[in-house]
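J.: Just so we're on the same page, the numbering used here is the position in the sequence shown counted from 1, plus 245. Take a look at this one; I'll ask things after.
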Amino acid sequence: MNKSNIVGFVLIGLVLFGFSWYQRKQYDEQMEAQAQLDSIARVEQMAAMALDSAKRAEGLVTDGEMSGVKVMNMPAYKDSLLTEARLAEAQIVKIANEKVELEFTTRGAQPYSVKINDYMTYDSTALYLINPDMSQYNISIYAGESINTKDFAFNIHEVTDSSVVMRLPFAQGGYIEQKYWLPEGSYMLQNELSFVGMDEVIPRNVSMFDIDWSFVIPRLEKGYKNEKQYSKMNYYFAGDKKPEIAARGKDDAKSVNTRLSWFAFQQQFFSAIMTPASEFASADLGVKYYGEDDSSRNLMACSAKLRSEYTQMPGKVTLPYEFYFGPNDYRTLKSFDNKYEKIVPLGGWMVAWFSRLVIIPCFDFLGRFISNYGLVILIMTILIKLLISPLTIKSYKSTAKMQVIKPEIDKLNAKYPNEKDAMKKQQATMELYQKAGISPMGGCLPMLLQMPILFAMFRFFPASIELRQQKFLWADDLSAYDSIIDFGVNVPLLGDHLSLFALLMAVTMFFYSKMSSSQMSDDPNMAGMKFMSVWLMPIMMFFICNNLSAALSYYYLLSNIITMVMTWYIRKYVVTEEKVRADMMINASKPKKKSKWQMRLEEAQKMQEQMQKQQKRR
246 MNKSNIVGFV LIGLVLFGFS WYQRKQYDEQ MEAQAQLDSI ARVEQMAAMA
296 LDSAKRAEGL VTDGEMSGVK VMNMPAYKDS LLTEARLAEA QIVKIANEKV
346 ELEFTTRGAQ PYSVKINDYM TYDSTALYLI NPDMSQYNIS IYAGESINTK
396 DFAFNIHEVT DSSVVMRLPF AQGGYIEQKY WLPEGSYMLQ NELSFVGMDE
446 VIPRNVSMFD IDWSFVIPRL EKGYKNEKQY SKMNYYFAGD KKPEIAARGK
496 DDAKSVNTRL SWFAFQQQFF SAIMTPASEF ASADLGVKYY GEDDSSRNLM
546 ACSAKLRSEY TQMPGKVTLP YEFYFGPNDY RTLKSFDNKY EKIVPLGGWM
596 VAWFSRLVII PCFDFLGRFI SNYGLVILIM TILIKLLISP LTIKSYKSTA
646 KMQVIKPEID KLNAKYPNEK DAMKKQQATM ELYQKAGISP MGGCLPMLLQ
696 MPILFAMFRF FPASIELRQQ KFLWADDLSA YDSIIDFGVN VPLLGDHLSL
746 FALLMAVTMF FYSKMSSSQM SDDPNMAGMK FMSVWLMPIM MFFICNNLSA
796 ALSYYYLLSN IITMVMTWYI RKYVVTEEKV RADMMINASK PKKKSKWQMR
846 LEEAQKMQEQ MQKQQKRR
């Protein structure tokens, strides 16, 4: 075989490989798109079921007129016991501990409702994370014929106050068993799915089965916009630092084709989390949100299609699962040591560390001794202000020095009015700064270092379940907006109410900005910044905070007041003009060493002067 033939065969091989790879890629993309469409279809079906359930409850439709679910004729089964189970009537059984109450229906041996104890809805009714008959949990497996457990009434084998065992028998002697139990004092529901004596029923080549779980989470909080914004879907891969987030406030579906450790459908303050003992092989997840005007007052319809692995063996095959039904409490979720706490929205890595290391421990410590969370926020705000006071003082010193040299800055502006002299003015300004011991970033850097704290608070308060339904002054729920005037209609940008905390926050922000701007230069270039800080920012913050949690607006209000008091005190007793001038005289007497930046500026100025001279000669 000559060289040409070898090259020809190699090229043909590469073409075939490329074509095969392209076909496979196209196929994978099509399958992923189809999986997403299937997820959306399941979620929409669940939403339709919720609508039909609400209508039936109101007597608007009968069972035979359901809009979202087609009533199908009962199929015939090879197994006579399955036919009996299909015709049998379902029963409701309840298990509970001090944390959670769960109802199960024998139809599919599945959850029927989930009630969280020790918590109420915004209108003081029992808090159901899943309302009765608003959930569907199905095991789909091939056992000589297609089996969907949701179609069959299981037999109650054993039941106690905190556990239940249900079985679906087969004529050949085996059965499918669902065992659920609630450990004392836990939000975690334990589940064991067992296939007992099914090795003669399930073919040996069956290695997978599907779990389909769909349910509707109702609205539980006062403010729809805030609740929707903080309600989302999470899924986690083993070894990752944090879960993946999807469906944050908008309809979404995800097809996860890699092994999955757990997933969570999360309401603002409560979550449903499912975790297998071994990872899911793949998953299709979807969320569809209801509108604010939904008559059934539902928040979102959730859907999960999960592929689980099955290993055939004689006797009994048991697959453990865990279901968390409970609050999004950081410490509670962290106690499970499975990264569940990462679903609490504390912000990105730049701000989350401050919440974890400072805010949450401080909040917890104060909450042990003080029941009024308005006072807790006040004390915490004071402590934070004291913590950052060195930065604040440094910023004020820089500002005060700028105010002292302001007349000399004005002289430089008058000396170099033209744009062509900008570099000369800059160099002269830098020399003046160096003489006075002023860093150009001296006032900005401390403020930048405080930004993580500002954003951490912005994320912490709306997500803090401790503040949920806590009253303070005129606010009936610190986790939601406070309202002193309800308009009855939605006003653009404002909403349907007026928040007094947000209004007071904006007013104090205006006066603080007014106080700070008095030390700004009269340079015309600063006029825009003055307008933005004094007028624009307070107005913008008012419209933003009007629909956010009252605790957040209250914190910003306290922060503004405390900052104004600190500013007055520092200006009067700590950083006086006499002390500033004395420090500047001491600094002026010290030998000066030019910074690298200043040396580069001088070199640039010399080059500019040379270029100007050359242009004049021409």
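For every residue, glycine included, the Cβ atom is placed at its ideal position computed from N, Cα and C.
Can you list, in chain order, the stretches of the alpha helix (DSSP H) that have 4 or more residues and sit fully within the region 793-822?
T.: You should have 795-814.
J.: Return the CA-CA distance between S516 and N617, expressed in angstroms with no decimal places.
T.: 26 angstroms
J.: Sorted by chain position, which residues of the same chain lie with C-beta nearer than 8 angstroms to T674's C-beta, five sequence neighbours on each side aside?
T.: For T674, where only same-chain residues beyond five positions count, the Cβ hits under 8 angstroms are I654 and L657.
J.: With a threshold of 7 angstroms, establish whether the CB of L745 neighbours any heavy atom of the ligand NAP.
T.: Although the ligand NAP was asked about, the structure shown includes no ligands whatsoever.
J.: Provide the residue span of the alpha helix (DSSP H) that contains V596, from first to last.
T.: W594 to F599
J.: Just curious, the alpha helix (DSSP H) that R449 is in, first and last residue?
T.: Careful: R449 lies outside any alpha helix (DSSP H) and carries neither H nor E.
J.: Does DSSP classify M558 as helix, strand or coil?
T.: coil
J.: Let me check one thing: in DSSP terms, what residues is F515 bridge-paired to?
T.: P572
J.: Figure out for me which residue from D496, M558, K467 and L631 has the closest Cα to the Cα of N450.
T.: M558
J.: I'd like the span of the beta strand (DSSP E) that includes K424, first residue to last.
T.: Y420 to W426
J.: Taking the alpha-carbon positions, what's the F732 to K470 distance?
T.: 17 angstroms
J.: Between the alpha carbons of H402 and I622, how many angstroms are there, rounded?
T.: 52 angstroms
J.: Within a Cβ cutoff of 7 angstroms, which residues of the same chain sit near F706, ignoring the five residues on either side of it in sequence?
T.: L712, S794, A796, L797 and Y800
J.: Roughly how many whole angstroms lie between the Cα atoms of K499 and T753?
T.: Counting only the Cα atoms, T753 lies some 45 angstroms from K499.
J.: Would you check if the region 361-368 and the region 380-389 touch, i.e. whether three or more CB-CB distances between them fall below 8 angstroms?
T.: no
J.: If you scan the region 433-481 from start to end, which runs of the alpha helix (DSSP H) of 4 or more residues do you find wholly inside it?
T.: The qualifying runs are 469-474.
J.: So, are the CB atoms of A416 and A335 less than 8 angstroms apart?
T.: no
J.: Run through DSSP, which three-state label would L296 get?
T.: Bear in mind that a pLDDT of 45 at L296, under 50, signals an unreliable position, so the number given afterwards is only what the model happens to contain. In the three-state scheme derived from DSSP, where H, G and I count as helix and E and B as strand, L296 is classed as helix.
J.: Assign L748 to one of three DSSP states: helix, strand, or coil.
T.: helix
J.: Identify which residue in G484, T405 and L551 has its Cα closest to the Cα of D457.
T.: L551
J.: Grab the span of the alpha helix (DSSP H) containing S644 for me, first residue to last.
T.: The sequence shown places Thr at residue 644, not Ser. Looking at the DSSP string, the run of the alpha helix (DSSP H) that includes T644 is S634 to V649.
J.: Measure the Cβ-Cβ separation of I462 and Q513 and say whether it is below 8 angstroms.
T.: no
J.: Can you tell which of Q672, N791, R352 and G560 has the C-alpha that lies nearest to the C-alpha of V446?
T.: G560
J.: Does DSSP classify R613 as helix, strand or coil?
T.: helix
J.: Please classify E390 as buried or exposed, where buried requires at least 16 other C-beta atoms within 10 Å of its C-beta.
T.: exposed
J.: Please name the residue or residues paired with W780 in a DSSP beta bridge.
T.: Residue pairing by DSSP places W780 in no beta bridge whatsoever.
J.: Give me the Cα-Cα distance between C790 and T626, rounded to the nearest whole angstrom.
T.: 18 angstroms
J.: Exposed or buried, which one is P635 when buried takes at least 16 other CB atoms within 10 Å?
T.: Under this definition P635 is an exposed residue.
J.: To the nearest angstrom, how far is the alpha carbon of V338 from that of I518?
T.: 22 angstroms
J.: Between G313 and D324, what straight-line distance do the alpha-carbon atoms span, to the nearest angstrom?
T.: Residue placement at G313 cannot be trusted, given a pLDDT of 40 that sits under 50; the coordinates are not used to answer.
J.: So what's A673 in DSSP terms, helix, strand or just coil?
T.: helix
J.: Over the uninterrupted beta strand (DSSP E) stretch that includes R412, give me the two end residues.
T.: S408 to P414
J.: Please state the DSSP three-state secondary structure of F755.
T.: The three-state reading of DSSP puts F755 in helix, counting H, G and I together.
J.: Does the contact criterion of 3 or more C-beta pairs under 8 angstroms hold for the region 719-734 versus the region 803-822?
T.: The way I'd put it, the region 719-734 doesn't touch the region 803-822; fewer than three beta-carbon pairs between them come closer than 8 angstroms.
J.: Could you check whether the region 341-353 touches the region 431-442, counting it as contact only if at least three pairs of C-beta atoms, one from each stretch, sit closer than 8 angstroms?
T.: yes
J.: What first and last residue would you give for the beta strand (DSSP E) that runs through L530?
T.: Per DSSP, L530 belongs to the beta strand (DSSP E) from S527 to Y534.
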